[in-house]
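One structure below.
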DNA sequence: CCATGCCGTCATTCTAATACCGGTTCAACC
DNA sequence: GGTTGAACCGGTATTAGAATGACGGCATGG
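Chains as they are written, first to last, in the numbering used here: chain A, 3 to 101; chain B, 3 to 101.
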């Protein structure tokens with residue numbers, strides 16, 4: 003096919019990424035952080051609210067730099083499963099991706 | 003404006019990213035690595051050849067995972083300036099981004 | 001009252017991701 | 001020598017989404 007429309011899992015993964023970024027921003031304003039990262043405030047808002055679930059690599063890198071975050075840390079924090087008790091419901095539909 | 007068309011600097015940054023990824027792939031085939039990362043071989047080829055200069059965050063993350071690379075390492079390796087003698091030509095138009 | 005900060009929506013342009021095609025190179029094999 | 005296969009490349013086409021701007025709305029606080 004051509005560019006399948008993003009699965010619900012992928013969208014929720016984007017939401018988690020947004021939450022992590024917003025938390026890391028703390029009290030600073032969107033405008034300030036966006037300017038510091040070299041992106042527009044509109045873009046930052048879309049990423050934080052999860053409306054841009056799969057931002058570009060260098061966009062995230064710029065944000066991580068502006069927020070003092072490690073890229074690997076970021077991946078870990080917005081990672082897939084929050085320790086769902088290994089052995090319970092297999093939950094069909096998980097996407098490892100970070101393996 | 004609306005999505006300015008990627009500067010030459012951004013494109014060369016994508017080429018460096020591709021080179022690093024290709025080097026990390028070593029002898030393995032594109033098809034194998036792409037499958038391991040959960041992306042198509044076509045996409046991997048476009049990234050490696052620099053024809054997709056700004057890939058998605060999670061796409062790069064999947065590739066880094068498949069290749070055993072650290073995201074921060076990746077950023078450092080495909081980084082901006084190769085130590086251009088601090089104090090020479092200021093080169094107007096550099097994009098820190100990774101700061 | 002007015003500024004600040006965030007949100008929703010609409011509109012726009014460029015690009016990522018995917019697939020398919022043929023072409024090339026290089027090796028092994030008949 | 002011819003051919004077969006693997007692996008990569010360049011081009012083209014398609015769809016969905018990133019990135020950006022602009023306008024209006026809604027709180028909170030000076």
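Positions of the beta carbon are idealized from the N, C-alpha and C atoms, including for glycine.
Environment of residue i [buried if 16+ CB atoms lie within 10 Å]
| i | result |
| --- | --- |
| residue 101 (chain B) | Unreliable placement is indicated for residue 101 (chain B), whose pLDDT of 38 sits below 50; the coordinate value is still reported in the next sentence. That one is exposed. |
| residue 7 (chain B) | exposed |
| residue 3 (chain B) | exposed |
| residue 34 (chain A) | exposed |
Cut-off 6 Å between Cβ atoms - residues of its own chain near residue i, not counting five sequence neighbours on either side
| i | result |
| --- | --- |
| residue 19 (chain B) | 80 |
| residue 52 (chain A) | 16, 17 and 20 |
| residue 9 (chain A) | none |
| residue 54 (chain B) | 48 |
| residue 46 (chain A) | 32 and 36 |
Nearest-angstrom Cβ-Cβ length linking residue i and residue j, presumed shorter than 8 Å
| i | j | result |
| --- | --- | --- |
| residue 16 (chain B) | residue 61 (chain B) | Actually they do not touch by this definition, with Cβ atoms about 13 Å apart. |
| residue 50 (chain A) | residue 77 (chain A) | Contact flag wrong, Cβ pair sits at about 17 Å. |
| residue 43 (chain B) | residue 59 (chain A) | Contact flag wrong, Cβ pair sits at about 19 Å. |
| residue 73 (chain A) | residue 63 (chain A) | 6 Å |
Same chain, Cβ closer than 7 Å to residue i, neighbours up to 5 away in sequence not counted
| i | result |
| --- | --- |
| residue 27 (chain A) | 35 and 69 |
| residue 5 (chain B) | none |
Contacts around residue i, its chain only, beta-carbon distance under 8 Å, and the 5 residues preceding and following it disregarded
| i | result |
| --- | --- |
| residue 13 (chain B) | 52 and 55 |
| residue 30 (chain A) | none |
Contact between the stretch 60-70 of chain B and the stretch 31-46 of chain B is defined here as three or more beta-carbon pairs at a separation below 8 Å; is this criterion met?
yes
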